[in-house]
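152 is the number of the first residue of the sequence shown in our numbering; add one for each residue after it. Yeah, the Cβ is synthetic: ideal placement off N, Cα and C, and Gly gets one too. Remember, predicted model here, so these are calculated numbers, not experimental data. Taking it in order: structure first as structure tokens, then the write-up.
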Amino acid sequence: MLGLSGTVVPASADPTPPVAPPSAPSQQEVRDAQERAASAANDVAGIRAALSAANERLRRSAIAAEHAEEAYNGARYRAQQAARAARRAVERAHVAGTDLEQQRSAYAETLLADSELAPQLTAMAALADSDGIDTLLQRASTIGNARTALDLQYQRFLAASALAKAASTQARTADRDAQDAKGDAADARAAAQRSADAAAAEAASIAAEKTRLVRRLARLQHVSVATAGARQAALEQAAQAAAAAAAVAPDPAPVAPDPAPAADPAPSSAPATHAPAPDPAPDSAPETTPAPDPAPQSDPPAPSGGAPAAIAFARAQLGEPYVWGAAGPDRWDCSGLTMKAWAAGGRSLPHYSVAQYEQSTPIKASQLQPGDLVFWGDNARPSSIFHVALYLGNGRILHAPRTGQPVQEASMYYWTPPTFYARP
């Protein structure tokens with residue numbers, strides 16, 4: 152600038168204020184930060200615990216539904232067996248009734264023939280008076296034979312009458328039992344539907360809850376919802392893999408099975424779920440004392456040549472939906488899938504997991520080969536079985552798990568170790 156003297160005075164810039172060195176956080180600020188970090192960590196742990204609890208609720212709900220659905224399969228199987236027994240009883244009653252009519256006619260004819268012997272009795276008296284002993288003996292023999300035939304025919308008639316009466320009674324009883332079993336099956340179907348509806352509602356509720364929890368997790372971890380979901384899925388899959396690696400499948404000790412129905416073992420072709428694995432990410436809603444059980448054989452029969460065909464059939468259904476009570480052609484429940492798979496392999500099995508075990512050869516876990524059946528139950532009694540899968544080898548199974556989960560391959564320990572093993 153110009154001074155008063157006319158000389159140029161250099162302009163000076165405004166001085167830059169010095170930058171104050173960062174101040175160290177106070178002890179209170181440190182404590183607050185630590186508390187916030189601990190709170191976030193606790194929140195993350197709490198959310199993960201809540202997700203685990205949600206998976207467990209989903210598992211229990213699905214198990215309850217599968218119990219009800221396999222109970223329906225069992226009731227339907229027993230109704231079919233009772234209906235077949237009733238038809239056979241009616242057939243036996245018809246045969247017995249026909250035989251009774253034949254014996255009645257034969258007895259009537261014998262009575263008529265016997266009445267025709269009356270004149271001979273009068274003649275025999277005359278012969279005795281005239282001392283014709285030889286002729287008398289001959290006629291007496293003839294009459295005696297006729298009387299014996301009459302008595303024999305009468306006994307046959309009585310036996311036929313008793314059999315016809317018993318057969319008729321058995322037919323009425325069998326028909327009543329069949330009607331009762333049909334009613335039980337209808338009740339079981341209604342109960343299964345209620346259970347399936349409740350499980351579906353619970354699954355939808357749990358899916359919504361898990362979505363909310365994963366969103367909270369994403370906010371706490373400062374990541375996207377997709378990343379948080381992927382992390383949670385990876386954690387759950389790792390936990391499942393660790394459980395599978397640590398699992399040692401126990402060979403069930405021989406136990407007393409529940410008595411199997413004595414009726415025709417022909418399987419049902421009519422259309423019932425399975426215990427689920429925890430969903431890795433938010434899920435979309437969608438007695439008489441029994442006889443001893445045969446111990447697992449030390450050298451069970453080798454799988455039949457139909458095992459590859461059974462596996463091939465089951466694999467062709469991968470991705471198709473689970474529908475309780477279904478047995479194809481494009482929807483399945485657990486026992487419906489194994490029934491049709493082994494039908495393709497040439498082995499007839501009922502549409503009922505308990506009966507599939509009872510009609511197969513029990514084996515040990517160490518004896519499993521591809522095509523064998525793997526069962527889950529609540530305890531050591533076969534009557535507690537509620538799920539069945541087809542063994543593929545290398546610890547893998549193929550099954551129809553539950554509503555909302557399609558036909559799929561999985562680890563044999565995807566959820567919990569199986570309880571029973573058998574070879575069709």
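Counted within 10 angstroms of its Cβ, other Cβ atoms place residue i as buried (16 or more) or exposed
i	result
P575	buried
Q556	buried
Q468	buried
A632	Any property of residue 632 remains undetermined from this structure, which presents the chain solely from 152 to 575.
P533	buried
S256	exposed
R229	buried
P433	Reliability of the predicted coordinates at P433 is poor, the pLDDT of 39 falling under 50, and the value obtained from them is presented with this limitation in mind. Result: buried.
S504	buried
T320	exposed
D282	Per-residue confidence for D282 stands at a pLDDT of 49, beneath the threshold of 50, marking its modelled position as unreliable; the derived number appears in the next sentence. With fewer than 16 other Cβ atoms within 10 Å, it is exposed.
A233	buried
E260	exposed
H373	exposed
D302	exposed
L272	Note that L272 has pLDDT 46, beneath the 50 cutoff, so the model's placement of it is unreliable and the number below is only indicative. Answer is exposed; the Cβ neighbour count stays below 16.
N206	buried
T567	exposed
D331	exposed
S375	exposed
P445	Only weak support is given to the placement of P445: the predicted model assigns it a pLDDT of 44, under 50, and the value that follows is read from those uncertain coordinates. The residue is exposed, with fewer than 16 neighbouring Cβ atoms inside 10 Å.
P480	exposed
S346	buried
A354	buried
A520	It is Gln, not Ala, that sits at residue 520 in the sequence shown. When all chains shown are included, Q520 counts as exposed.
E252	exposed
G334	exposed
I227	What sits at residue 227 in the sequence shown is Arg, not Ile. By the neighbour-count rule (16 or more Cβ atoms within 10 Å), R227 is buried.
S511	buried
A506	buried
R482	buried
A393	exposed
A352	exposed
Y564	buried
A204	exposed
A389	exposed
E242	exposed
A200	exposed
Residues bridged to residue i (per DSSP)
i	result
L568	As written in the sequence, residue 568 is Pro, which differs from the Leu given in the question. Its beta-bridge partners do not exist; DSSP assigns none.
Q321	According to DSSP, which records beta bridges pairwise, Q321 is partnered with nothing at all.
E207	The partner list for E207 (beta bridge, DSSP) is empty, contrary to what the question assumes.
E560	L549
R243	Partner(s): none; R243 has no beta bridge.
R574	T512
Whole-Å CB distance - residue i paired with residue j, under 8 angstroms assumed
i	j	result
L541	T489	6 angstroms
A237	A325	4 angstroms
T570	G522	Rounded, the Cβ-Cβ distance is 19 angstroms, inconsistent with contact.
D524	V539	Residue 524 is actually Leu in this sequence, not Asp. That pair is a contact at about 6 angstroms.
T554	W475	7 angstroms
K491	A478	6 angstroms
I514	Y572	5 angstroms
W493	G457	7 angstroms
C485	A561	About 12 angstroms separates the two Cβ atoms, so there is no contact after all.
V558	G470	6 angstroms
T195	L371	Strictly speaking, residue 195 in this sequence is Val, with Thr absent from that position. Rounded, the Cβ-Cβ distance is 5 angstroms, consistent with contact.
A322	A244	4 angstroms
R367	I198	6 angstroms
Test: residue i CB closer than 8 angstroms to a CB of chain C
i	result
Q510	Among the chains in the structure shown there is no chain C, since it carries only a single protein chain.
Residue i CB to nearest heavy atom of the ligand MN below 7 angstroms
i	result
A465	Absence of the ligand MN from the depicted structure is noted, as is the absence of any ligand whatsoever, leaving it without description.
Item checked: Contact the stretch 489-500 vs the stretch 457-464: 3+ CB pairs below 8 angstroms -> Three or more Cβ pairs drawn from the stretch 489-500 and the stretch 457-464 lie within less than 8 angstroms of each other, which places the two stretches in contact.
Checklist line | the stretch 359-369 touching the stretch 227-244, judged by at least three CB pairs closer than 8 angstroms | finding: Taking a contact to require three or more Cβ pairs closer than 8 angstroms, the stretch 359-369 and the stretch 227-244 do not qualify as touching.
Margin query: Quick check on the DSSP output: what are the complete beta strand (DSSP E) runs of length 3 or more inside the stretch 466-552, in order along the chain?
Written below: Taking only runs of at least 3 residues, the beta strand (DSSP E) segments lying wholly in the stretch 466-552 are 524-528, 536-544 and 547-550.
Notebook entry, point to check: Does the count of Cβ pairs from the stretch 303-312 and the stretch 199-213 closer than 8 angstroms reach three?
Noted result: No, the stretch 303-312 is not in contact with the stretch 199-213.
Margin query: With a threshold of 8 angstroms, are at least 3 pairs of Cβ atoms found where one atom belongs to the stretch 218-230 and the other to the stretch 311-320?
Written below: The stretch 311-320 and the stretch 218-230 do not touch, with fewer than three beta-carbon pairs separated by less than 8 angstroms.
Item checked: Cβ contact (3+ pairs, closer than 8 angstroms) linking the stretch 335-342 and the stretch 222-230 -> Taking 8 angstroms as the limit for Cβ pairs, the verdict is that the stretch 222-230 does touch the stretch 335-342.
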